[in-house]
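Under UniProt numbering, the first residue of the sequence shown is numbered 1, with each subsequent residue one higher.
Virtual Cβ for every residue (Gly too), placed ideally from N, Cα, C.
All values reported here derive from a predicted model rather than from experimental measurement.
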Amino acid sequence: MVLGFWAENGKLSSDIHVLNALLFPFVARVSGMAELKHGGMFRISWLFNQEAVVVASPSAIAEILVSKSYRFEKPGFVRRYLAILLGWSLLTAEGDDHVRQRRNMLPAFSFRHIKSLYPVFWAKSREVVLAMRAACDDERGRGGPAEMDVFRWASRCTLDIIGLAAAGVEVGAISDDENPLAKSYKLQPSSADFAVMALLAFFPDWVVIRLPLSRVRSAARASVEINQVCRNMIREEKKKKKKKEQISKQEEGDDGRERNRPRMNILEVALASGLFSDEQLADQMMSFLSAGHDTTAAALAWTMYMLARKPHAQARLRAEVREQVPSITGEITSAQVDGMAYLKAVCSETLRTHSPVAQTIRVANSDTTIQGQLVPRGSLLFILPWMTNVDPQLWGADAAEWKPERWLRPDQGGTGSSKAAHAASGGAANNYAFMTFLHGPRSCLGAALARAELACLVAAWVGSFSFELADDSMMDEGNVKATPSVVAKPWGGLRMKVRVVDGW
């Protein structure tokens, strides 16, 4: 397969890293691609000789995601794949429908509301720490650390958190890994994601679902089960809403006016909008539950992996956490969490080098241009955070290195600029150098919530435990693969030796 790119000098070049990054972006770190001197757009032949474009230039990315955002949408096969797993929701909506849905969901992700969720994040962080500590105590009695799959623990606690944040529901995944919702998510396959997506590019979804493929059937079965759980959540929320309205009428009179009270979860906000039917609400909840727990679980696991590879960073972070938070058993404020500079740097650096979503795909819905280059209607465009986020032209010669200090000022023990704004960007040359949450009207609606949740979990875990890799060969990042799926998580889990660090 011939691969090439539009270079500034007009010459066509090729590199096998482009193919690796496109079809297997989680297997290769695409360093070769990032090192190329290019004008920012790589034209390639994709499946069955279909032309596609890999977009790397910040200015080109800005056109696609911001200035011309609604000229580029998710391809039909991607939307149909997401719909099989998550239903038709904000994640699959396009055009005016997307604008309307996003506008109505915004109150659930307001700055004030996210700040009010920190106690929820911390309470669940404490709960999972106590459960993990019990596992460690069992092993400590036998004279050694506990070996466990930290990704599985990460997935269980983030599922509990999003259950509360999305629907005010106690999922109970931390205490019971076999509860219905947790079991359903374990059924959803990840290693076949791109194979299924490729099939959907050429066949209707009803054909693909009926193919004799065990992974497709498992995904469809899991989706039905998750949808039923979401419908139960909606029924319960409607009962609570009706009861609250009755109390409200008694307190305010019978004029029917609703009290001006804050919305406490995503489902309440969706119900109050009046925009969604019960079926649509179930699809919205499926999307938020899945996207809200799987991505954060992946980010938490990758953070623990990098800290295990860098014991000095782990020790520095533990010292900061214990200095700012006296005990895991106490309460915590958003100011305490947000005030831990090294914690914030560690989380930002992991989100940079190990974006939970490694790629996003767009299709031109009309003839248009990018950077003056003609892009015909139907052209596929790939934006790869795992490439852009480590591009030396945007981040410097040490771009591929996991280095939290780049997010800190010198007076904080960092290598960033003394200017706060420069350090806050990690020293990147451009705002579009950090693509983890995308940009523009299609950017991640829950980015601030995800950052806050991740910070609380990392603080609780590192404050309580030390983490070592179960297999020394995993110190070489090339030996650790990520799933070729929508969410790039450690393939086969992430086994670590976990020890309780006393005194907290």
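Status (buried if at least 16 other CB within 10 Å, exposed otherwise) for residue i
i      : result
ASP160 : buried
PHE121 : buried
GLY463 : buried
ASP255 : Caution applies to ASP255, whose pLDDT of 49 falls short of 50 and renders its modelled position unreliable; the model cannot decide the point.
LYS239 : exposed
GLN412 : exposed
PRO410 : exposed
ALA335 : exposed
PRO376 : exposed
ALA34  : Reliability fails at ALA34, whose pLDDT of 42 lies under 50, so the model's placement of it is uncertain and the value that follows must be treated cautiously. So ALA34 counts as buried.
HIS98  : buried
THR329 : exposed
ALA134 : exposed
SER327 : exposed
Beta-carbon contacts of residue i that lie in its chain and below 6 Å, excluding the five residues immediately before and after
i      : result
SER57  : GLY40
THR223 : Thr is not the amino acid found at residue 223; the sequence shown has Ser there. Excluding positions up to five away in sequence, the list reads LEU85.
GLU94  : GLU73
ALA297 : ALA154, SER155 and THR158
LEU91  : LEU82 and SER287
ARG231 : ALA282
TRP46  : ALA52
ALA450 : THR296
GLN371 : ALA60
Residues near residue i by beta carbon distance below 8 Å, same chain, minus five either side
i      : result
ALA470 : GLU147, ARG495, MET496 and LYS497
Whole-angstrom C-beta distance between residue j and residue i, which should lie under 8 Å
i      : j      : result
ALA459 : VAL325 : 7 Å
MET233 : MET285 : 6 Å
VAL66  : GLY446 : So it is not a contact: roughly 19 Å between Cβ atoms.
GLU225 : SER184 : 4 Å
ARG322 : TRP461 : Contact flag wrong, Cβ pair sits at about 13 Å.
CYS444 : PHE434 : Incorrect: roughly 12 Å between the Cβ atoms, too far for contact.
LYS68  : THR368 : 6 Å
PHE151 : LYS403 : Not a contact, Cβ separation roughly 23 Å.
VAL229 : LEU181 : 5 Å
Rounded C-alpha distance that separates residue i from residue j
i      : j      : result
LEU381 : TRP88  : 22 Å
LEU281 : LEU267 : 8 Å
GLY478 : LYS241 : 51 Å
ALA131 : ASP502 : 16 Å
ASP294 : SER287 : 11 Å
ILE61  : PHE72  : 11 Å
ALA358 : GLU320 : 30 Å
LYS74  : TYR305 : 32 Å
SER59  : MET387 : 15 Å
ALA448 : PHE109 : 8 Å
SER273 : THR333 : 30 Å
ARG126 : GLY292 : 19 Å
VAL390 : GLY396 : 9 Å
ARG217 : ARG103 : 34 Å
ASP137 : VAL129 : 12 Å
SER116 : ASP338 : 13 Å
ASP278 : ALA166 : 15 Å
GLU468 : ILE247 : 53 Å
ALA455 : TYR432 : 23 Å
VAL480 : PHE77  : 29 Å
ILE383 : GLU245 : 46 Å
PHE111 : MET105 : 13 Å
Whether residue i touches residue j by CB criterion (8 Å)
i      : j      : result
VAL487 : PRO385 : no
GLN50  : LEU275 : no
ALA364 : SER348 : no
GLY414 : GLU401 : no
SER466 : ARG442 : no
LEU271 : GLU237 : yes
VAL171 : ASN179 : yes
ARG362 : ILE64  : yes
TYR118 : ALA452 : yes
GLY426 : ARG309 : no
ALA428 : LEU394 : yes
ALA345 : LEU300 : no
ARG43  : VAL55  : no
heavy atom of the ligand COA below 7 Å from residue i C-beta
i      : result
LYS240 : In the structure shown, the ligand COA is absent, as is every other ligand, since no ligand is present at all.
Residues of its chain near residue i, where Cβ-Cβ distance is below 7 Å and the 5 sequence neighbours each way are ignored
i      : result
TRP302 : THR350 and HIS354
LYS243 : none
GLU139 : PRO145 and ALA146
GLY492 : none
MET474 : VAL480
Chain C within 8 Å of residue i, Cβ atoms only
i      : result
ALA341 : Reference to chain C is not applicable here, since this structure consists of a single protein chain.
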